[in-house]
Structure formats: C-alpha cells, structure tokens
Amino acid sequence: MKRTTKLLSVLCAAMCAFSLLAACGGQNAGTETTNGTTAAPGTTAAPTTSEAPKKTQLILGTSADYAPFEFHILDGGEDKIVGFDVSLAKKIAEDMGLELVIKDVGFDTLMGELDAGTVDMVLACIAPNEERLKVSDFSDVYYEDKAPVMLVRKADYEKFNTVASLDGQTIAAQTGTTKADIVAEKFPTSDALLLTAVPDMVNNLLFNKCAAVCLDGAVAEGYVAANPDLVIADGIVLGEGDVLGVAVKKGDPQGLLESINKTIAACLADGSLDQWMTEANEQSANALN
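According to this note's numbering, the residues represented by the sequence shown are 4 to 292, in order.
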C-alpha cells in the first residue's frame, strides 16, 4: 500500500512538472509581448523605453498665397514655396538642426492646426491679436509691416479714394486676417467679400466684382508693380502696419521660442532679414507677372 501511494505521488509530481513546463513555453508557439510590444513568432520583441523619438523635423504652417511673404513659384518645372517668411523659417530650422517641412493651408485654419499640434510653428505675415493669443504664444517681432491699404482699379482711382467713397461698396479681404477686421470696423455699411486666397480677391477686383481689396502695404505694392490696371488708393488711411512674429502653441510645450528668438535677433543684427525681403520682392515680381 505504501509503495502504491508512493508511486502515485511520484506520478502526480511528474505530471505537475510537465504541466508547468508546458505553460511556461506556450507563448513561443504564438507571439511574445514585452512591455506592450508584440513580436512575430520566433522573434523577441524589442523592449520599449520611456524616451520619445528624437525630433528630426520642424513643421511650418503657412498660407502660401501672400507674396512677398510666402508664395509659390515654378523653379525648373518644380513647384516651390518661397518668400520672406520661408527664408526665416529655414534659418530657424537650420539653427535647431532640424529639417523644415512646410504645410500649406488656408490662412483661417492656421491657428487650428497649431492648437491641434499638426504644425510646430506658424509664419504667415501673422500678428498677435486677442483671438490668436488664446491658442498661441508669439516670438519677438521680426518685421514691422507696411500700413494696410486699399487696392483699387486705376480707372476708379478718383471714384474710390476716400473712406466715405466706399460706403455701400463691396470690399474684399482675406478670411481670418486683421484686414477683414479693418473692413468690418471702418466700413460698416459696406459689403465684405471674405475669401481665403489673395489671388482670388485680386481677380474679383480686376473683373469688377468688388470696388477695393484691403491688403498689407507690401503685398499691395507687389500687385501694383505686376499689373498696370491696379493702384493703391492713397487717400484712404487705415492705420499702422502690423508687427509680425512667429506663433507657437500656447505655453510653448516644445520649448521652441528661446531658439526662435535667438535666430531672429541674429538675423536682425546681420541684415539677413533685409536681404531676404529684397530677394522675396524680386521673386514675387516674377511670380505675379
């Protein structure tokens, strides 16, 4: 009886050991998971770490329809985005040791892109205002823009050269810009034609679909230089020009502003910004003609 009991004990122990070995080795027949990472059968999953992947790109959000700040050109048959803001963005990325990637979207969506984290920074001839400061922080000023103006057809220069003369008229401005704010505030009896692209606004003017277009001074000058049928209504004074900065997400979670401000200071000091504006004006003259 004791031998039978002893034999049963040995058999039970052996069966338990076999079951334990089978349980421990069962995963090798399927997949192996280490810290949530699944590997293919027969391989070992690489352990994960808490470190985020090293940043290699800096994503610029812009609206490339605003020469000389940001606009498209054909270079050897290839479409490229160039301009004053783009030159500064390239230098900012270079100083950070990152590759610049440009995301070209409608101007009125830029702050949303920044808030959503789909772009790292915004350069688009953009100035801080109350609404933008709710979702973004701005760098130091890198450019003081020329005063906003009204662009009109040369044939209508005498007709539309005062604020009062535009009462009840249609005035075009770009959606989401301070120029749209100017039209709403200074011309309350006029009809605002808000469009997303500046070339569309200018075409509406040329085809007599609106009486005037409200633009930054530098942008308007480019269109006047490229088109003899357009002129600036210099009898209409709309205030001072904007001060432009680089926008980053509110709170600067990536810590970009310190480096951006260093680059801006260096470019102001060595004259790079003046050089880039000259180059951008030359390029935009060719692009708009």
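Where a beta carbon is used, it is the ideal one built from N, C-alpha and C, also for glycine.
Measure the C-alpha to C-alpha separation of residue i and residue j and round it to an integer number of angstroms.
| i | j | result |
| --- | --- | --- |
| residue 266 | residue 200 | 30 Å |
| residue 197 | residue 183 | 7 Å |
| residue 260 | residue 211 | 44 Å |
| residue 3 | residue 232 | In the structure displayed, the chain extends from 4 to 292; residue 3 sits before or after that span and is not available. |
| residue 239 | residue 124 | 34 Å |
| residue 219 | residue 151 | 4 Å |
| residue 31 | residue 56 | Only weak support is given to the placement of residue 31: the predicted model assigns it a pLDDT of 35, under 50, and the value that follows is read from those uncertain coordinates. So the two alpha carbons sit approximately 30 Å from each other. |
| residue 114 | residue 236 | 31 Å |
| residue 253 | residue 245 | 21 Å |
| residue 185 | residue 64 | 24 Å |
| residue 187 | residue 79 | 42 Å |
| residue 275 | residue 143 | 16 Å |
| residue 229 | residue 268 | 33 Å |
| residue 171 | residue 112 | 29 Å |
| residue 206 | residue 263 | 36 Å |
| residue 27 | residue 97 | Only weak support exists for where residue 27 lies, its pLDDT of 36 falling under 50; the value from the coordinates is given anyway. Each residue's alpha carbon lies about 52 Å from the other. |
Measure how close the beta-carbons of residue i and residue j come, nearest whole angstrom, since I'm counting them as under 8 Å.
| i | j | result |
| --- | --- | --- |
| residue 131 | residue 258 | Contact flag wrong, Cβ pair sits at about 19 Å. |
| residue 90 | residue 279 | 4 Å |
Classify residue i as buried or exposed, calling it buried when 16 or more other Cβ atoms lie within 10 Å of its own Cβ.
| i | result |
| --- | --- |
| residue 242 | exposed |
| residue 60 | exposed |
| residue 175 | buried |
| residue 88 | buried |
| residue 272 | exposed |
Can the beta-carbon of residue i be found less than 8 Å from the beta-carbon of residue j?
| i | j | result |
| --- | --- | --- |
| residue 69 | residue 154 | no |
| residue 74 | residue 290 | yes |
| residue 234 | residue 157 | yes |
| residue 67 | residue 84 | yes |
| residue 177 | residue 110 | yes |
| residue 92 | residue 126 | yes |
| residue 106 | residue 122 | yes |
| residue 221 | residue 148 | yes |
| residue 103 | residue 58 | no |
| residue 189 | residue 166 | yes |
| residue 180 | residue 193 | no |
| residue 86 | residue 283 | yes |
| residue 62 | residue 286 | no |
What does residue i pair with, by DSSP beta-bridge criteria?
| i | result |
| --- | --- |
| residue 64 | 106 and 125 |
| residue 156 | 233 |
Following a CB-centred definition, is residue i positioned closer than 7 Å to any heavy atom of the ligand SAH?
| i | result |
| --- | --- |
| residue 158 | Absence of the ligand SAH from the depicted structure is noted, as is the absence of any ligand whatsoever, leaving it without description. |
Would residue i pass as an interface residue toward chain B - the criterion being a Cβ-Cβ separation below 8 Å?
| i | result |
| --- | --- |
| residue 251 | The structure shown contains no chain B, having only a single protein chain. |
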